[in-house]
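This report concerns only the one structure given below.
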Amino acid sequence: MSEKILVIYTGGTIGMVPGEKGYEPKKGYLKTLLAERIPELKARELPSFDVLEYSPLLDSSNMTPWDWFKIAKDIYEHYSSYQGFVVLHGTDTMAYTASAVAFLLQGLGKPVIFTGSQIPLIETRNDARENLIASFLLAREKDLKEVVICFGNKLLRGVRASKVDADSFAAFASPNFPPLGEVGIELKINKELLLPPLREECKLRVKQITIPNLLIFPLFPGFSGETLEQLIATQDVQMVILETFGSGNAPEDNKAFLRALEKGREKGILFVNRTQCLKGKVRPQAYATGQVLTHLGVLPAWDMTREALVSKLICAYSEKGLSFVPRALNSNWCGEVTF
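This note's numbering puts the first residue of the sequence shown at 508, with every later residue one more than the last.
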């Protein structure tokens, strides 16, 4: 195996340059940009690298589950040739993609580092430089055998991360799991928090992505249960994520809402209960207002992020269909949930 790492450049702010309509990606320019702006990448303590540039380069707001699969497939196909992988990605949906790639690559035994920036590397003042250097160092860490996000001097498990700040260099957080490491004077990795090595060989979980008709329905005081009822009646919905209050609570006196859940269950729709809170988890037995959902067959998402939950539902559905999803939700694939 080569001591090289593979940089997969999908797009995003990090490699953009000023254009007539604002920042925009420039095809074929990344290697030149890296050489001009970060000559330290040639230092002996950093791994040599190849670049796989996507065409077209994508703003992460345009990313789809098929792009998740492409990234996972590219890592799988180059797996034996590199000691690690760095994925350059826009910040807006990075946590979705990192979660999905973690789910799609079973038996991962090498580091996959997602990073990007809030300010393009071409600008004098930017966060791209430090994020890239740290990611290159982490991509050769042999104890790191999972998908992570390296951003703002933090190393976060991909399936535990969310973008929480649109303006700060500390754009990402891991609300329900400690950071795996920190980039300071020293590069510190909390090895006791890392996923244990697996004996199985790396493989793709699915042969292709099949996107279900998935709906996210956030609750708020005074919401219309009739709206959910109409959506279920008129749309071919297969799964609904209910974003509930507190520890998974919903109004038990909203008749239209409860009626919608009953009708949805009769149609075979899968309902999942996820808390709106940034921290904490769904505790379905804690309150009567949470138990009413359990009695109607709504499955708890426990402490999963929205990004991890959405990508896991899509990956599980792609693997074995809707009937497999409840079993997938009740298993911990790669450190995404605490039961």
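The C-beta atom is built at its ideal place from N, Cα and C for all residues, glycine as well.
The alpha helix (DSSP H) runs lying completely inside the stretch 602 to 683 and spanning 4 residues or more are 635 to 645, given in chain order. The beta carbon of residue 809 is closer than 8 Å to those of 788, 789, 844, 845, 846 in its chain, skipping five residues each way along the sequence. Pairwise C-beta distances place the stretch 604 to 616 in contact with the stretch 652 to 664, as three or more of them are shorter than 8 Å. Leaving aside the five residues that flank residue 705 on each side, the residues in its chain whose CB is nearer than 8 Å to its CB run, in chain order, 614, 615, 616, 652. Less than 8 Å divides the Cβ of residue 604 from the Cβ of residue 575.
Counting along the chain, no beta strand (DSSP E) covers residue 735; the unbroken alpha helix (DSSP H) around it starts and ends at 732 to 741. Residue 782 is positioned such that its CB atom lies no closer than 8 Å to that of residue 757.
Counting only runs of 3+ residues, the beta strand (DSSP E) found wholly inside the stretch 748 to 788 occupies 777 to 782, in chain order.
In this structure residue 835 touches residue 823 by the C-beta definition: roughly 4 Å separates them, less than 8 Å.
When DSSP states are grouped into helix, strand and coil, residue 546 belongs to the helix group. In this structure, DSSP gives residue 556 an extended state, which the three-state scheme calls strand. If the five residues before and after residue 732 are omitted, its C-beta is found closer than 8 Å to the C-beta atoms of 761, 762, 763, 764, 765, 766, 767, all from its own chain and listed in chain order. Secondary structure at residue 727: coil, using DSSP grouped into helix, strand and coil. Cβ atoms of residue 643 and residue 664 stay farther apart than 8 Å, at about 19 Å. In the DSSP assignment, residue 832 falls within the alpha helix (DSSP H) that extends over 832 to 836. The C-alpha of residue 625 is placed about 9 Å away from the C-alpha of residue 597. Closest option to residue 718, judged by alpha-carbon separation, among 693, 841, 746, 741: 746. The shortest C-alpha to C-alpha distance from residue 670 to any of 621, 555, 547, 557 is the one to 621. When C-beta atoms of the stretch 586 to 601 are compared with those of the stretch 510 to 525, three or more pairs fall below 8 Å, so the two segments count as touching. In the structure shown, residue 689 falls within a strand segment according to DSSP collapsed to helix, strand and coil. The residue among 682, 534, 619 with its C-alpha nearest the C-alpha of residue 784 is 682.
DSSP, reduced to helix, strand and coil, places residue 791 outside both helices and strands of the structure shown, so it counts as coil.
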